[in-house]
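Per the working numbering: the sequence shown = residues 4 to 119.
Read the structure below first, then the notes.
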Amino acid sequence: MILTITLIIRRADQVDQYLQRKDQKEWLIFLTQFENEVAGSTLLDIQSRQFCYVIENKTYIIEQYQSVIRKRQVAGGHQPMLMNVSEFSFEEKGNEVILEVKFENGERGYGKWTKP
4 MILTITLIIR RADQVDQYLQ RKDQKEWLIF LTQFENEVAG STLLDIQSRQ FCYVIENKTY
64 IIEQYQSVIR KRQVAGGHQP MLMNVSEFSF EEKGNEVILE VKFENGERGY GKWTKP
């Protein structure tokens, strides 16, 4: 009985570690996607919760909506970019934009984008 409980606890720890690593991998993919999305764009506005930019006369917004970071057009429609997010923010510091995320499992991520 004790052995079974110990194995269950170990397995739960392994699952928790896997989920945390998964969020970090998804964060790195998001940062790469973010970099690609805004490359060649015209920056319109950066607020703590929104990043607005223009590509080919279309305005896009990257923002948190519930537990999802999404890209949407002002005209409508959206594309999820990152899931299971509890907090997300942009901060403009000079020529850089700081991106910070907190996932629902408590893990945190940090990124920095330099404006062209």
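Ideal placement from N, C-alpha and C gives every residue a C-beta, glycine not left out.
Just so we're clear, the structure is a prediction, and the values are computed from it rather than from any experiment.
Subject >> Given Leu130 as reference, the closest of Asn60, Thr35, Lys115 once Cα atoms are compared >> reply: Residue 130 is absent from the model: the chain starts at 4 and stops at 119.
Original post:
Considering only C-alpha positions, which residue in the set Gln53, Val88, Tyr68 is nearest to Val100?
Top reply: Residue 100 sits at position 97 when you count from the first residue of the sequence shown. Checked all of Gln53, Val88, Tyr68; the closest Cα to Val100 is Gln53.
**OP:** Quick one: give me the first and last residue of the beta strand (DSSP E) that Arg52 is part of.
**Re:** Within the sequence shown, numbered from 1, the residue matching residue 52 stands at position 49. Careful: Arg52 lies outside any beta strand (DSSP E) and carries neither H nor E.
Subject >> Sequence-distant residues of the same chain with beta carbon closer than 6 Å to Lys118, five excluded per side >> reply: Working through the sequence shown from its first residue, we reach residue 118 at position 115. So the qualifying residues of the chain are Asn98.
Original post:
How would you write the range of the beta strand (DSSP E) that Lys61 sits in, first residue to last?
Top reply: Taking the first residue of the sequence shown as 1, we reach residue 61 at position 58. Counting along the chain, the beta strand (DSSP E) containing Lys61 begins and ends at 61 to 68.
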